[in-house]
Amino acid sequence: MFADDRIFFWIAAGLYTVSFALALVTLPTRHSVTRVAFHTILIGGFVFQGLGLYVRGIRVQAFPLVNEFEVLQALGWLAVLLDLIIRPLFKLRLLSFFTAALAAGLCTTSLLVPAWDYPPESIGAGTPWVGFHAALAIFSYSVFALLAVTSLMYLIQHHGLEKKRAGGIFALLPAIRQLEDINSRLILLGVSVLSVGVATGFLNWLTYPATVSTTKLWIACAIWAAYLVVLILRLTNRLFASRFAGACLALFLLALLSLWPLVPGKKPASDTPVKTDIRTHGTP
Amino acid sequence: MALPDGTHLFVLGSSHHNTSLETREQFALTSDQLDRAYRSIGAIAGMREVLILSTCNRVEVYGLAAKSIDHSALAAHLAEFWQLSPEDVKKHSFWHVGSDVIEHLFEVSCGLDSAMVGETEILGQIKSAYADATGRGTLGSTLNRIFQKSFQAAKWVRTHTAIGRGQVSIGNVAAELAIRICGELSGTHVLLCGTGEVGQKTLQSLASRGADEISVASRSRPRARELAEQYRGAALTIDDALAKLLRIDIVISATLSQTPIIDYTLIRNLMRSRPTQPLFLIDLAVPRNIAPQCADIANVYLYNIDDLGHIANENLNSRRAEIDSCKSVLKARAKATWGNIKQHHPLSAADPQKPQRHAEYNRPPIDVFATD
Numbered sequence: 001m002f003a004d005d006r007i008f009f010w011i012a013a014g015l016y017t018v019s020f021a022l023a024l025v026t027l028p029t030r031h032s033v034t035r036v037a038f039h040t041i042l043i044g045g046f047v048f049q050g051l052g053l054y055v056r057g058i059r060v061q062a063f064p065l066v067n068e069f070e071v072l073q074a075l076g077w078l079a080v081l082l083d084l085i086i087r088p089l090f091k092l093r094l095l096s097f098f099t100a101a102l103a104a105g106l107c108t109t110s111l112l113v114p115a116w117d118y119p120p121e122s123i124g125a126g127t128p129w130v131g132f133h134a135a136l137a138i139f140s141y142s143v144f145a146l147l148a149v150t151s152l153m154y155l156i157q158h159h160g161l162e163k164k165r166a167g168g169i170f171a172l173l174p175a176i177r178q179l180e181d182i183n184s185r186l187i188l189l190g191v192s193v194l195s196v197g198v199a200t201g202f203l204n205w206l207t208y209p210a211t212v213s214t215t216k217l218w219i220a221c222a223i224w225a226a227y228l229v230v231l232i233l234r235l236t237n238r239l240f241a242s243r244f245a246g247a248c249l250a251l252f253l254l255a256l257l258s259l260w261p262l263v264p265g266k267k268p269a270s271d272t273p274v275k276t277d278i279r280t281h282g283t284p
Numbered sequence: 285m286a287l288p289d290g291t292h293l294f295v296l297g298s299s300h301h302n303t304s305l306e307t308r309e310q311f312a313l314t315s316d317q318l319d320r321a322y323r324s325i326g327a328i329a330g331m332r333e334v335l336i337l338s339t340c341n342r343v344e345v346y347g348l349a350a351k352s353i354d355h356s357a358l359a360a361h362l363a364e365f366w367q368l369s370p371e372d373v374k375k376h377s378f379w380h381v382g383s384d385v386i387e388h389l390f391e392v393s394c395g396l397d398s399a400m401v402g403e404t405e406i407l408g409q410i411k412s413a414y415a416d417a418t419g420r421g422t423l424g425s426t427l428n429r430i431f432q433k434s435f436q437a438a439k440w441v442r443t444h445t446a447i448g449r450g451q452v453s454i455g456n457v458a459a460e461l462a463i464r465i466c467g468e469l470s471g472t473h474v475l476l477c478g479t480g481e482v483g484q485k486t487l488q489s490l491a492s493r494g495a496d497e498i499s500v501a502s503r504s505r506p507r508a509r510e511l512a513e514q515y516r517g518a519a520l521t522i523d524d525a526l527a528k529l530l531r532i533d534i535v536i537s538a539t540l541s542q543t544p545i546i547d548y549t550l551i552r553n554l555m556r557s558r559p560t561q562p563l564f565l566i567d568l569a570v571p572r573n574i575a576p577q578c579a580d581i582a583n584v585y586l587y588n589i590d591d592l593g594h595i596a597n598e599n600l601n602s603r604r605a606e607i608d609s610c611k612s613v614l615k616a617r618a619k620a621t622w623g624n625i626k627q628h629h630p631l632s633a634a635d636p637q638k639p640q641r642h643a644e645y646n647r648p649p650i651d652v653f654a655t656d
């Protein structure tokens with residue numbers, strides 16, 4: 001347990017939650033002052049979470065990704081980072097609102113389960129490719145997290161249009177066409193990054209087969225293949241609209257669940273652990 | 285409720301309140317059918333005056349007739365005309381007599397009974413129906429009086445109450461939905477089928493929000509061209525327009541066609557060619573122009589006149605107090621008008637000008653319903 005940096009994560013979780021609650025309460029008014037306040041608090045949460053990751057990174061001398069707690073924190077932080085880049089670029093209304101909810105959820109959940117935050121089992125030698133693999137994998141997962149958010153937004157808007165509902169949140173959400181477009185771009189980006197990540201991980205596995213369990217390898221490949229299939233179906237216009245959004249959302253939930261067997265702090269299921277730098281094994 | 289001569293004032297109607305869109309489609313009257321309906325109803329023995337109001341949301345027969353003509357009798361007659369069972373017509377229609385007729389007419393003319401409460405288009409439709417009935421010679425002093433009074437009531441409500449405030453038009457609702465589906469409307473291709481008033485207003489709302497690629501299709505090419513020129517768009521025939529749906533994002537359909545002009549197969553085949561591009565179909569016609577099954581196709585969003593009306597009325601609760609206040613005023617005015625009609629009836633003992641009125645009253649009523 002790292003008691004000193006957790007305070008930053010708690011502050012970040014609090015700020016994310018406050019920003020989400022503020023946006024939820026003031027959603028109908030959409031006043032510019034509350035919008036500024038919301039973004040200030042959200043960025044505050046992002047800064048504190050970044051500080052937490054930085055302090056922990058200094059302590060362990062690597063990007064902290066060894067246990068479930070760190071992976072979820074990194075995922076939330078990167079999702080907010082992507083939101084801050086994508087929202088103004090594509091003028092996606094309410095994206096930050098949903099991202100704040102996601103970040104608050106990931107951050108708070110990971111803090112509420114102390115068992116998820118454990119120190120690495122061993123320290124040893126590793127290769128830079130493992131670190132590269134981990135960075136790409138967690139980045140692609142954050143892209144998929146944002147894709148899940150935009151997919152959820154699509155499904156809400158679609159539901160409103162199907163059920164002939166107007167006003168409220170439906171009037172504030174981006175258009176169906178805009179969400180479909182951003183979803184297509186995000187899955188392309190996510191799969192591209194994850195493909196490189198999986199490839200580097202695979203090369204590392206070929207070099208050091210004992211460092212990665214077969215189960216872990218299969219799960220990582222299954223998640224990658226599932227996203228690849230969805231991307232291909234989307235590009236060939238065989239999966240689109242609400243089914244595509246539903247598939248993206250469901251896949252992200254699966255990907256989240258897959259983190260548990262994939263997190264490097266766990267002992268490999270079938271292989272004997274090798275004395276190596278577990279910290280640089282990274283995520284999926 | 286009867287007048288001194290034994291006649292009674294009645295209305296038999298079917299509106300969006302008591303019937304579904306499917307049923308209203310069966311009751312809808314084209315101009316030819318309206319002509320036949322006037323002749324058919326006028327031929328009923330004991331019928332003295334009649335006016336038929338037919339809009340997309342209602343068909344109502346106002347009349348003054350012998351008391352023997354009641355709900356069942358008129359429903360049976362209309363059932364034959366519509367080729368439906370008398371039970372069905374009776375089940376899907378309402379019946380008012382006496383002052384309730386006037387109260388109902390006042391509420392209709394003021395837009396209180398409309399699908400979108402407070403709308404003003406209904407007043408124009410009532411005026412057209414009144415002018416039509418006057419031209420046919422089917423109005424006598426009683427219906428004439430109550431319709432004139434209804435126009436005054438509508439004017440009073442517009443001037444003295446805030447019933448229209450906060451009211452959302454069909455065009456605005458359609459434009460907001462279009463933005464939720466297509467996003468920015470600039471560059472969005474809109475097709476209007478039919479050149480009726482509601483369709484035009486909806487097109488205007490979309491154009492005011494940036495829709496700039498506009499095509500107008502109509503059976504009448506000159507009218508389509510005239511309207512298309514206003515938006516620097518293209519004028520097409522309906523068949524040409526349907527053949528070019530591939531590029532269209534929003535279709536507004538408001539033609540007088542009795543059968544759907546856009547069917548399921550057409551849209552299914554169209555969406556196979558452009559599966560990821562959403563299509564917004566707005567069906568403002570009754571009977572509907574677009575097959576309802578089109579809504580089952582992925583990326584197709586179909587809204588009919590009732591759907592838009594429900595959305596437009598979502599803010600109704602905030603206007604409830606104003607509506608109730610209007611209704612109570614109209615009720616009092618209706619009672620006063622009814623009292624006046626009874627008092628000034630040619631056979632009324634209380635009428636000081638009885639001899640003059642009696643002479644006018646004695647004209648043969650059936651003449652106005654002369655059949656071919």
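These protein sequence lines are chains A and B, in that order. According to our numbering, the first sequence is numbered sequentially starting from 1. According to our numbering, the second sequence is numbered sequentially starting from 285. Cβ coordinates follow ideal geometry from the N, Cα and C atoms, glycine included. Just so you know, these numbers come straight off a predicted model, no measurement behind them.
Where residue i falls, given that 16 or more other Cβ within 10 Å makes a residue buried
| i | result |
| --- | --- |
| Val-130(A) | buried |
| His-444(B) | exposed |
| Trp-218(A) | exposed |
| Ile-85(A) | exposed |
| Val-295(A) | Because chain A spans 1 through 284 in this model, residue 295(A) falls outside it and cannot be assessed. |
| His-158(A) | buried |
| His-301(B) | exposed |
| Gln-73(A) | buried |
| Ile-7(A) | exposed |
| Ser-537(B) | buried |
Segment limits, alpha helix (DSSP H) that includes residue i
| i | result |
| --- | --- |
| Phe-38(A) | 32–60 |
| His-355(B) | 355–366 |
| Tyr-548(B) | 548–557 |
| Phe-240(A) | Element bounds for Phe-240(A): n/a, residue is neither H nor E. |
| Val-80(A) | 68–90 |
| Glu-510(B) | 505–514 |
| Thr-390(B) | Correcting the residue identity first, residue 390(B) is Phe in this sequence and not Thr. Looking at the DSSP string, the run of the alpha helix (DSSP H) that includes Phe-390(B) is 383–393. |
| Ser-612(B) | 604–627 |
| His-376(B) | From DSSP, His-376(B) is part of no alpha helix (DSSP H); its letter is neither H nor E. |
CB contact below 8 Å: residue i versus chain B
| i | result |
| --- | --- |
| Ala-241(A) | yes |
| Arg-87(A) | no |
| Asn-237(A) | yes |
| Ala-247(A) | no |
| Leu-161(A) | yes |
| Arg-177(A) | yes |
| Asn-49(A) | The question names Asn, yet the displayed sequence has Gln at residue 49(A). No, Gln-49(A) lies away from the interface with chain B (no Cβ there is under 8 Å from its Cβ). |
Minimum Cβ-Cβ distance from residue i to chain A less than 8 Å
| i | result |
| --- | --- |
| Thr-560(B) | yes |
| Asn-583(B) | yes |
| His-376(B) | no |
| His-464(B) | Sequence check: residue 464(B) is Arg here, not His. Yes, its Cβ sits closer than 8 Å to a Cβ of chain A. |
| Asp-591(B) | yes |
| Glu-252(B) | Examination of residue 252(B) is not possible in this model, given that chain B is present from 285 through 656 alone. |
| Gly-467(B) | yes |
| Glu-598(B) | yes |
| Ile-551(B) | no |
| Glu-460(B) | yes |
| His-594(B) | yes |
Endpoints, beta strand (DSSP E) assigned at residue i
| i | result |
| --- | --- |
| Asp-567(B) | 563–567 |
| Glu-460(B) | Run containing Glu-460(B): none in the beta strand (DSSP E); it sits in the alpha helix (DSSP H), 454–466. |
| Ile-184(A) | It is worth fixing the name first, because residue 184(A) is Ser in this sequence and not Ile. Segment 176–207 is the alpha helix (DSSP H) holding Ser-184(A); no beta strand (DSSP E) there. |
| Ile-156(A) | It is not in any beta strand (DSSP E) - Ile-156(A) instead sits in the alpha helix (DSSP H) that spans 128–162. |
Test: residue i CB closer than 8 Å to a CB of chain E
| i | result |
| --- | --- |
| Phe-90(A) | Annotation note: the requested chain E is absent from the structure, which comprises protein chains A and B. |
message: Across the stretch 601–621 of chain B and the stretch 376–391 of chain B, are there enough close Cβ pairs to call them in contact, namely three or more that are closer than 8 Å?
response: yes
message: Quick check: the stretch 343–362 of chain B against the stretch 372–382 of chain B, are at least 3 beta-carbon pairs closer than 8 Å?
response: Three or more beta-carbon pairs drawn from the stretch 372–382 of chain B and the stretch 343–362 of chain B are found closer than 8 Å, and the two stretches are therefore classed as touching.
field: Three-pair Cβ contact test at 8 Å for the stretch 451–465 of chain B versus the stretch 484–494 of chain B
entry: Between the stretch 451–465 of chain B and the stretch 484–494 of chain B, the count of Cβ pairs shorter than 8 Å is three or higher; the stretches touch.
query: Using 8 Å as the threshold, is the stretch 511–521 of chain B in touch with the stretch 542–558 of chain B, meaning 3 or more CB pairs across them?
result: no
- request: Only counting runs of 3 or more residues, tell me where the beta strand (DSSP E) segments fall wholly within the stretch 287–342 of chain B, in order along the chain.
  value: 291–299, 331–338, all fully within the stretch 287–342 of chain B.
message: With a threshold of 8 Å, are at least 3 pairs of Cβ atoms found where one atom belongs to the stretch 509–518 of chain B and the other to the stretch 567–579 of chain B?
response: Segments in contact, no.
- prompt: Is the number of C-beta pairs between the stretch 326–336 of chain B and the stretch 407–425 of chain B that are closer than 8 Å three or more?
  reply: yes
field: Complete runs of the alpha helix (DSSP H) confined to the stretch 89–116 of chain A [at least 4 residues]
entry: 95–112
query: Are there three or more Cβ pairs, one per stretch, closer than 8 Å when the stretch 168–186 of chain A is compared with the stretch 137–147 of chain A?
result: The stretch 168–186 of chain A, when compared against the stretch 137–147 of chain A, does touch it at the 8 Å Cβ threshold.
message: Using 8 Å as the cut-off, can you tell me whether the stretch 491–508 of chain B makes contact with the stretch 471–480 of chain B, which would need three or more C-beta pairs spanning the two stretches below that distance?
response: With contact defined as three or more Cβ pairs closer than 8 Å, the stretch 491–508 of chain B and the stretch 471–480 of chain B are in contact.
- prompt: Can you find at least 3 beta carbon pairs, one from the stretch 292–299 of chain B and one from the stretch 236–249 of chain A, that sit closer than 8 Å?
  reply: no
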